[in-house]
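Trainee: Right, I'll just put the structure down here and ask away after.
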Amino acid sequence: MKNRKKNYIFDHKLFKIRETLDEDTEKWYKWFNDNKITEFVPNVRGPNTIEAQRKYRLAHINGEERAIFSVVSGKKDKLIGTCSIAFIKPANSRRCEISLIIGESKYCSGPTYIEINRWLINYSFNHFGMNSILSSTFEDNLVVRKTVEFLGFKKIGLQRSRFYKNGKFCNAAQYDLLKSEWEKNK
Numbered sequence: 014m015k016n017r018k019k020n021y022i023f024d025h026k027l028f029k030i031r032e033t034l035d036e037d038t039e040k041w042y043k044w045f046n047d048n049k050i051t052e053f054v055p056n057v058r059g060p061n062t063i064e065a066q067r068k069y070r071l072a073h074i075n076g077e078e079r080a081i082f083s084v085v086s087g088k089k090d091k092l093i094g095t096c097s098i099a100f101i102k103p104a105n106s107r108r109c110e111i112s113l114i115i116g117e118s119k120y121c122s123g124p125t126y127i128e129i130n131r132w133l134i135n136y137s138f139n140h141f142g143m144n145s146i147l148s149s150t151f152e153d154n155l156v157v158r159k160t161v162e163f164l165g166f167k168k169i170g171l172q173r174s175r176f177y178k179n180g181k182f183c184n185a186a187q188y189d190l191l192k193s194e195w196e197k198n199k
């Protein structure tokens with residue numbers, strides 16, 4: 014499977030988006046066992062296994078509840094992250110929540126990080142026909158909060174003690190972005 018031709022969904026000079034491959038799960042496994050990477054990832058419980066990552070991938074490659082993608086560096090064709098679009102029920106709400114995990118630290122901020130988020134937003138609105146996108150993050154995750162605010166998301170609230178991580182409950186900052194706002198401001 015390593016020699017399989019990779020089909021890119023999107024190609025940018027800084028990154029590429031492609032379907033996930035079974036071989037990606039070996040990297041995900043390492044990332045999701047690294048406390049620096051998962052510090053603000055609410056649903057990660059360790060230790061993680063390659064089998065758990067494979068199971069997660071297989072559960073979501075059909076795209077019914079969530080669409081998952083692999084993020085590859087633009088120049089070296091190296092896997093640097095994974096992102097997803099989770100569809101919120103009921104389906105006629107046309108809402109989703111975006112998620113981005115960057116496993117390679119040099120891509121965790123700056124233009125690549127911003128542009129991957131832009132791609133997620135555009136793909137959610139234009140490909141899946143969403144009307145609004147949610148983003149929920151730990152209240153003290155300043156990188157994500159500043160990123161979504163920069164991209165035009167509006168803070169819609171704070172959920173107290175939403176996430177349980179590292180032995181304590183943490184608040185979640187809630188943001189959303191409407192398609193009409195995105196089109197007006199982009």
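Residue numbers (my numbering): 14 to 199. The C-beta atom is built at its ideal place from N, Cα and C for all residues, glycine as well.
DSSP on R31, reduced to helix/strand/coil?
Mentor: Stepping through the sequence shown from its first residue, residue 31 is reached at position 18. The answer is strand: DSSP assigns R31 an E or B state.
Trainee: At what residues does the alpha helix (DSSP H) containing A65 begin and finish?
Mentor: Counting from 1 along the sequence shown, the entry for residue 65 is found at position 52. Per DSSP, A65 belongs to the alpha helix (DSSP H) from 63-73.
Trainee: Given Y188, which residues of its chain have a CB within under 6 Å of its CB, disregarding the five upstream and five downstream residues?
Mentor: Mapped onto the sequence shown, residue 188 falls at position 175. S148, V161, F166, K168.
Trainee: If contacts are defined as beta-carbon pairs under 8 Å, then C109 and F82 qualify, I think. What distance do you get, rounded to the angstrom?
Mentor: The residue labelled residue 109 in the question sits at position 96 within the sequence shown. The residue labelled residue 82 in the question sits at position 69 within the sequence shown. Not quite, the Cβ-Cβ distance comes to about 13 Å (not below 8 Å), so this is no contact.
Trainee: Exposed or buried, which one is K29 when buried takes at least 16 other CB atoms within 10 Å?
Mentor: Here residue 29 refers to the residue found at position 16 when the sequence shown is read from its first residue. So K29 ends up on the buried side.
Trainee: Could you spell out where the beta strand (DSSP E) holding L155 opens and where it closes?
Mentor: Against the sequence shown, residue 155 aligns to sequence position 142. Taken as a continuous stretch (DSSP letters only), L155 belongs to no beta strand (DSSP E), being part of the alpha helix (DSSP H) at 155-163.
Trainee: Using only the alpha-carbon positions, how far apart do N16 and G116 sit?
Mentor: For the purposes of this step, residue 16 is taken as residue 3 along the sequence shown, with counting starting at 1. For the purposes of this step, residue 116 is taken as residue 103 along the sequence shown, with counting starting at 1. Any reading at N16 must be qualified, since the residue scores a pLDDT of 47, below 50, and its modelled position is unreliable; the value itself is stated next. So the two alpha carbons sit approximately 23 Å from each other.
Trainee: Here's the rule: buried if 16 or more other CB atoms are within 10 angstroms of the residue's CB, otherwise exposed. What is V156?
Mentor: To locate residue 156, count along the sequence shown from 1; it is residue 143. Classification of V156: exposed, given that the 10 Å Cβ count is below 16.
Trainee: Report the start-end ranges of each beta strand (DSSP E) in the stretch 104-152 that is 3 residues or longer and not cut off at the edges.
Mentor: Complete beta strand (DSSP E) runs here, min 3: 108-115, 145-151.
Trainee: Assuming contact is defined by CB atoms lying nearer than 8 Å, are L133 and I114 in contact in what I supplied?
Mentor: Taking the first residue of the sequence shown as 1, we reach residue 133 at position 120. Taking the first residue of the sequence shown as 1, we reach residue 114 at position 101. No, these two residues do not count as a Cβ contact at 8 Å.
Trainee: With a threshold of 6 Å on Cβ separation, who are the neighbours of R67 within its own chain once the five nearest residues in sequence on each side are excluded?
Mentor: Translated into positions along the sequence shown, residue 67 becomes position 54. Correct list, in chain order: T38.
Trainee: State buried or exposed for K89, treating a residue as buried only when at least 16 other CB atoms are found within 10 Å of its CB.
Mentor: Sequence index remark: in the sequence shown, residue 89 carries index 76 (1-based). Under this definition K89 is an exposed residue.
Trainee: Given the structure, does T160 come close to the ligand FMN, in the sense that its CB is under 7 Å from one of the ligand's heavy atoms?
Mentor: This structure lacks the ligand FMN, and indeed carries no ligand of any kind.
Trainee: For Y177, does the count of other Cβ atoms within 10 angstroms reach 16, so buried, or fall short, so exposed?
Mentor: Within the sequence shown, residue 177 is the residue found at index 164, counting from 1. So Y177 counts as exposed.
Trainee: Looking only at its chain, what residues have a beta carbon closer than 7 Å to the beta carbon of P103, apart from the 5 residues adjacent to it on each side?
Mentor: Sequence index remark: in the sequence shown, residue 103 carries index 90 (1-based). Result list for P103: empty, nothing under 7 Å.
Trainee: Distance check for W195 and V85, CA to CA, integer angstroms please.
Mentor: Within the sequence shown, the letter at position 72 stands for residue 85. Within the sequence shown, the letter at position 182 stands for residue 195. Distance between the alpha carbons of V85 and W195: 25 Å.
Trainee: So, is G94 buried or exposed, given that buried needs 16 or more other C-beta atoms within 10 angstroms?
Mentor: Translated into positions along the sequence shown, residue 94 becomes position 81. So G94 counts as buried.
Trainee: Are K43 and L92 close, meaning C-beta to C-beta below 8 Å?
Mentor: As a working mapping, residue 43 is identified with position 30 in the sequence shown. As a working mapping, residue 92 is identified with position 79 in the sequence shown. No, these two residues do not count as a Cβ contact at 8 Å.
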